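Comments concern the structure below.
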Amino acid sequence: MERRLSPLKIRLTVPLPLPAEGSVVAVKALLGPPAAPLSETGYDEAFQLYFRKIGATGTAREAPRTIRQAPPSLRRRIKDRIRTVLPNENGIIAEGLVLGDKSALPERTADAYRTAGIAHLLAVSGLHLGLIAGFVFWIVRSLLSLFPAFALRYSTKKAAAAAALSATFFYLLLAGSPVSAVRAFIMISFALSGVFFGRRALSAVSIVWAAMLILAITPEALTSAGFQLSFSAAAALIALSESGVYKKLPVKAVSGVLLTALAASIATAPFAAYFFKRLPVWTLAGNLMTSATAALWVMPALFVALLLMPAGFDVPFLKFAGVGIDLITAAAVKTASLPRSNLLLPAMPLSGVIAATVGEAWFFLIKGKARLFGLVPFAFAFMTPYMTPRPVMIVSQNLVAMRQNDGSLAFNSGKGGRFVRKALLSANAQDEEVQIKCALCVAERDGKTIAAARTKKASETACSEKGKYDVLYAKTECGRPFPSRGSEEIYVENGNIRIKRIGATFRPWTPAAR
Numbered sequence: 004m005e006r007r008l009s010p011l012k013i014r015l016t017v018p019l020p021l022p023a024e025g026s027v028v029a030v031k032a033l034l035g036p037p038a039a040p041l042s043e044t045g046y047d048e049a050f051q052l053y054f055r056k057i058g059a060t061g062t063a064r065e066a067p068r069t070i071r072q073a074p075p076s077l078r079r080r081i082k083d084r085i086r087t088v089l090p091n092e093n094g095i096i097a098e099g100l101v102l103g104d105k106s107a108l109p110e111r112t113a114d115a116y117r118t119a120g121i122a123h124l125l126a127v128s129g130l131h132l133g134l135i136a137g138f139v140f141w142i143v144r145s146l147l148s149l150f151p152a153f154a155l156r157y158s159t160k161k162a163a164a165a166a167a168l169s170a171t172f173f174y175l176l177l178a179g180s181p182v183s184a185v186r187a188f189i190m191i192s193f194a195l196s197g198v199f200f201g202r203r204a205l206s207a208v209s210i211v212w213a214a215m216l217i218l219a220i221t222p223e224a225l226t227s228a229g230f231q232l233s234f235s236a237a238a239a240l241i242a243l244s245e246s247g248v249y250k251k252l253p254v255k256a257v258s259g260v261l262l263t264a265l266a267a268s269i270a271t272a273p274f275a276a277y278f279f280k281r282l283p284v285w286t287l288a289g290n291l292m293t294s295a296t297a298a299l300w301v302m303p304a305l306f307v308a309l310l311l312m313p314a315g316f317d318v319p320f321l322k323f324a325g326v327g328i329d330l331i332t333a334a335a336v337k338t339a340s341l342p343r344s345n346l347l348l349p350a351m352p353l354s355g356v357i358a359a360t361v362g363e364a365w366f367f368l369i370k371g372k373a374r375l376f377g378l379v380p381f382a383f384a385f386m387t388p389y390m391t392p393r394p395v396m397i398v399s400q401n402l403v404a405m406r407q408n409d410g411s412l413a414f415n416s417g418k419g420g421r422f423v424r425k426a427l428l429s430a431n432a433q434d435e436e437v438q439i440k441c442a443l444c445v446a447e448r449d450g451k452t453i454a455a456a457r458t459k460k461a462s463e464t465a466c467s468e469k470g471k472y473d474v475l476y477a478k479t480e481c482g483r484p485f486p487s488r489g490s491e492e493i494y495v496e497n498g499n500i501r502i503k504r505i506g507a508t509f510r511p512w513t514p515a516a517r
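Dropping the structure here:
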C-alpha cells in the first residue's frame, strides 16, 4: 500500500499477553475499514475513530512479535504496581478509579456498576480532581503554616493554590485527559485562580469557559457521551448550588448526597437514554450506598498510595482501598439485582437530545421561577422515542431484521454480527433476541410486502414471483442489491414505502461512499 494511502493508526484485537506500550511489534492481521453504523441512533465507529486518526480495524492472526521493547511508561508502572498488590478484580477497579482505565473490567462487574448508576466512579472526573486539589491544598497550607518566617511574609493560601493546581494538572495528564477530567480541571483552575486574585470564582462562568475551550480544541467532543453527560451533570449541580437549596437541607450528610445524586441522575437521563437506551432505576440507592465510601475512604487511600508509591510505602493504603472497593462492588451487585433495575427505552432521536439540551440550558441560564419553563422541552425529550416511526425491516450485507406484529425485532440468523444485533435490540428496548431462519425473509405492513432473499436460490424463487413483493432485496439483478456498507431501513407510513440509507452518506470518515 502506498504510504500516503496507509492509515496513520490501526486498531487491532490481539491475543494476550499484550506487548508493553510503545514497543515496536510485527503481527499478521486481517484489516478492514471502520464499520459504518447500521441505525441512525447507533454507534458510529468510523466517526469516532476518524478523529483519533485510526483508519483501519482488524484482528491479529497470531500473537504480536516484539521487535523492540519499550521501557514501561509511568502509567504502566502504576498499573503493574496496583495489580501486584491487588491481583484480583479489585486491582482492575482501582486502575479505573486512579487512571480511568476500565478496559480490563469483566463485563458482569461493569454492567453491575452501570445498572446501579455508579459507573461514573470509574471515569476520572470532578470527584477525582476535586479530592486531589482539596487534599493538596490542605496539606501544603498546613505545612507552610508551621514555618512562621514564610507564613508571616507570604500568602500560604496562594502557595497552596499553586501546588493544588500543579498536582491536578499532573494527574490530568497521567489519567489520559478524558473530557470529563478536562472539564473538571478547567473549573478547578477558575476556582483556584480566584485565590490568586482575591476574587470569588463564578461557577456558571467556569463551566461555560470549560465547554468553549474543549470544543475549540476538539469540536468532535460535542457528540461524545462523556462530554454531554459530564456537562449536563455539572450544570445541574451548579444551578442547584446557586439556588441555595443545599443550605436549607436537614441532615446534610444524607440529604445532600441524595439531592446531588437525584439532580445529576435527572440531568443526565435524556443523554443516557440517547447513548445507552436504558436508565438505572435504583441509582439513588446505589449512590447512597457508595458515594461516601468512594469519596471519604477509597479515593483518599488510593491518592495517598499514589504519592507514596515511589518510596514503596503504598501497600497498606492500596490494601485499605481494596477493602472499600469490595464494599462498593458488593453494593453495586446488590443494587443491580433489585427487581426492574433497568428501564429499557426505545432509541431517542436527535430531536429528543436537542429538546433536552434546550431545556437544561434554559434552566441553567435563567434565574427565578421562569427557569421552570425549561422543564417543558426537557420532558418532551422523553416522549420523542415513542413518537418516532420504526422501520418494518432493516437490511445490511449480512443481516436482516424484521419487525413482528408485537413490535419486536426478529433476525434471520444468529451467526455473526453479535454486536450489531445487540445494538439493534437495545435501540428497540428489547432484551431477548428472536430468530427466524429464513432464506427468503418477508415482512408485511399495511398491505405492503417487503422481502429479502439471502441466498441465490431464494433470489431466483423470489424473482419468479417478483410482482408479489413491493420491495425485494436479492442476490441477483432482478432485485434491489443488498447495501455494501451500512444498512437500509424500510418504513411503511400511511400505505407508502420509504427507504432510508444509513452509513453511506459522504463524510470525511466514510471515503468508501465517495
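Add 3 to a position in the sequence shown, counting from 1, and you land on the number used in my numbering.
Backbone N, C-alpha and C fix where the C-beta goes; we use that ideal spot for every residue, glycine too.
The structure displayed is predicted, hence computed values, not measured ones.
With C-beta atoms as the reference, is residue 386 less than 9 Å away from residue 276? Cβ distance not < 9 Å, so residue 386 and residue 276 don't count as in contact.
Starting from residue 98, trace the alpha helix (DSSP H) in both directions and tell me its first and last residue. Here the alpha helix (DSSP H) through residue 98 covers 92-102.
4 or more residues per run - each alpha helix (DSSP H) lying fully within the region 230-304: The region 230-304 contains these whole alpha helix (DSSP H) runs: 255-279 and 286-296.
Which partner residues does residue 13 have in the DSSP bridge list? The partner list for residue 13 (beta bridge, DSSP) reads 59.
What do you get for residue 72, buried or exposed, if any count of 16 or more other CB atoms within 10 angstroms of its CB means buried? The residue in question, residue 72, is exposed, as its Cβ has fewer than 16 Cβ neighbours within 10 Å.
Separation of residue 209 from residue 374, as counted between CA atoms: Straight through space, the alpha carbons of residue 209 and residue 374 are spaced by roughly 20 Å.
Of all the options 44, 34, 38 and 78, which has the alpha carbon lying nearest to the alpha carbon of residue 25? Nearest C-alpha to residue 25: 78.
From the DSSP secondary-structure annotation, give me the bridge partner or partners of residue 69. Residue 69 pairs with 28.
Do you know how far the Cα of residue 37 is from the Cα of residue 470? The alpha-carbon atoms of residue 470 and residue 37 are separated by roughly 37 Å.
Would DSSP call residue 496 helix, strand or coil? Looking at residue 496 - three-state DSSP - the assignment turns out to be strand.
Residue 345 - partner residues in DSSP beta bridges: According to DSSP, which records beta bridges pairwise, residue 345 is partnered with 283.
May I ask which residues mark the beginning and end of the beta strand (DSSP E) holding residue 354? Not the beta strand (DSSP E): residue 354 falls in the alpha helix (DSSP H), residues 353-368.
Buried or exposed: residue 231, going by 16 or more other Cβ atoms within 10 Å of its Cβ? Per the 10 Å Cβ criterion, buried.
Around the Cβ of residue 390, are there at least 16 other Cβ atoms within 10 angstroms (buried) or fewer (exposed)? Per the 10 Å Cβ criterion, exposed.
Alpha-carbon spacing of residue 458 relative to residue 237, whole angstroms: Their backbone Cα atoms lie some 53 Å apart in a straight line.
Taking the C-alpha atoms as reference points, what is the distance between residue 34 and residue 43? About 25 Å.
Cα separation between residue 259 and residue 123? If I take the Cα positions, the gap works out to 18 Å.
Keeping to the same chain, check which residues put their C-beta closer than 8 Å to that of residue 55; ignore five residues upstream and five downstream. Once the five neighbours on either side are set aside, the close Cβ partners of residue 55 are 12.
May I have the straight-line CA-CA distance separating residue 138 from residue 167, to the nearest angstrom? In a straight line, the C-alpha of residue 138 is about 8 Å away from that of residue 167.
Taking the straight line between their C-alpha atoms, what separation do you get for residue 290 and residue 23? Whole-angstrom Cα-Cα distance: 36 Å.
Which residues in the same chain as residue 293 place their Cβ atom closer than 6 Å to its Cβ, once the five residues preceding and following it in sequence are excluded? Short of 6 Å from the beta carbon of residue 293, and not among the five residues preceding or following it, lie these beta carbons of its own chain, in chain order: 121, 331 and 334.
Where residue 463 sits in the DSSP three-state scheme: For residue 463, the three-state secondary structure derived from DSSP is helix.
Does the structure place the region 427-437 close enough to the region 405-414 that three or more beta carbon pairs sit under 8 Å? Verdict: yes, contact present.
Taking 7 Å as the limit between beta carbons, can you name the residues of its chain near residue 27, skipping five residues before and five after? 70 and 71.
Cβ of residue 491 within 9 Å of Cβ of residue 500? In this structure, residue 500 does not lie closer than 9 Å to residue 491 by Cβ.
8 Å Cβ shell around residue 189 - same chain, five flanking residues per side excluded: Cβ within range, chain order: 209, 212, 213, 216 and 217.
Whose C-beta lies closer than 7 Å to the C-beta of residue 90 among residues of the same chain, with five residues either side of it excluded? The beta carbon of residue 90 is closer than 7 Å to none in its chain, skipping five residues each way along the sequence.
Please classify residue 440: does DSSP put it in a helix, a strand, or coil? Of the three classes helix, strand and coil, the one that applies to residue 440 here is coil, per DSSP.
Range of the contiguous alpha helix (DSSP H) that encloses residue 429: Residues 421-430.
Is it a yes or a no for the region 359-373 touching the region 335-342, going by three-plus beta-carbon pairs under 8 Å? Counting Cβ pairs under 8 Å, fewer than three are found: no touch.
Let me make sure I understand the geometry here. Which of 143, 454, 130 and 241 has the alpha-carbon closest to that of residue 303? Minimum Cα-Cα distance from residue 303 among the listed residues 143, 454, 130 and 241 corresponds to 130.
Should residue 285 go down as buried or exposed, given a rule of 16 or more other Cβ atoms within 10 Å for buried? Answer is buried; the Cβ neighbour count reaches 16.
Assuming residue 312 and residue 84 form a contact by the criterion Cβ under 8 Å, report the distance between their Cβ atoms to the nearest whole angstrom. Residue 312 to residue 84, Cβ: 6 Å. Contact.
Extent of the continuous beta strand (DSSP E) run through residue 186: Note, residue 186: premise wrong, no beta strand (DSSP E); alpha helix (DSSP H) at 182-200.
Within its chain, find whatever has a CB closer than 6 Å to the CB of residue 125; leave out the 5 residues flanking it on each side and keep chain order. In chain order, 99 and 105 place their CB closer than 6 Å to the CB of residue 125, counting only its own chain and leaving out the 5 sequence neighbours on each side.
The alpha helix (DSSP H) spanning residue 3 covers which residue range? Past the edges of the chain, shown from 4 to 517, lies residue 3, and the structure says nothing about it.
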